[in-house]
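Quick note on this note's numbering: the sequence shown kicks off at 9 and runs consecutively.
Ideal Cβ positions, reconstructed from N, Cα and C, are used throughout, including at glycine.
Scroll down for the structure; my scribbles are underneath it.
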Amino acid sequence: MLGSIDCMHWQWANCPTAYKGQYTGKDGKATLVLEAVASYDTHIWHSFFGCPGSLNDLNILDRSPLVNHIINDDILKCNYELNGKQKEKAYFLADGIYPDWEIF
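Here it is, written out as structure tokens:
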């Protein structure tokens with residue numbers, strides 16, 4: 009496993025009024041989203057920051073450069089065995105909202 013993937017919302021206290029609607033999420037506050045992949049030893053393998061807080065994890069993943077790397081088979085190769093099957097692609101621990109892809 010390469011690491012865990014998740015998104016975090018940071019409150020944007022001084023969000024310009026013109027952007028409030030786009031950056032306001034379900035909690036009613038303007039936020040910016042950080043998507044990150046981190047390993048158990050706190051090494052950050054990937055980060056993607058700045059998406060509007062109105063987006064959820066799936067919408068962020070759709071815009072993330074990580075998806076382009078996955079589609080282009082540009083992702084880190086690592087050999088391991090999972091459930092008796094040999095794997096080559098990196099594996100990310102993700103919560104239930106993420107798609108049912110081989111790497112999640």
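Per-residue DSSP class, three states only, for residue i
i: Y27; result: helix
i: L101; result: strand
i: L69; result: helix
i: N80; result: coil
Unbroken alpha helix (DSSP H) run spanning residue i, endpoints
i: P107; result: It is not in any alpha helix (DSSP H) - P107 carries neither H nor E in the DSSP assignment.
Limits of the unbroken beta strand (DSSP E) element including residue i
i: H54; result: 52-60
i: N87; result: 85-90
i: K97; result: 93-97
Residue i to residue j span [Cα, whole Å]
i: F112; j: Q19; result: 28 Å
i: I52; j: A44; result: 7 Å
i: R71; j: K37; result: 22 Å
Neighbour-count burial assignment, residue i, 16 or more Cβ in a 10 Å radius
i: L10; result: buried
i: I79; result: exposed
Which residues DSSP lists as bridging residue i, in chain order
i: E43; result: C15, F56
i: A38; result: T32
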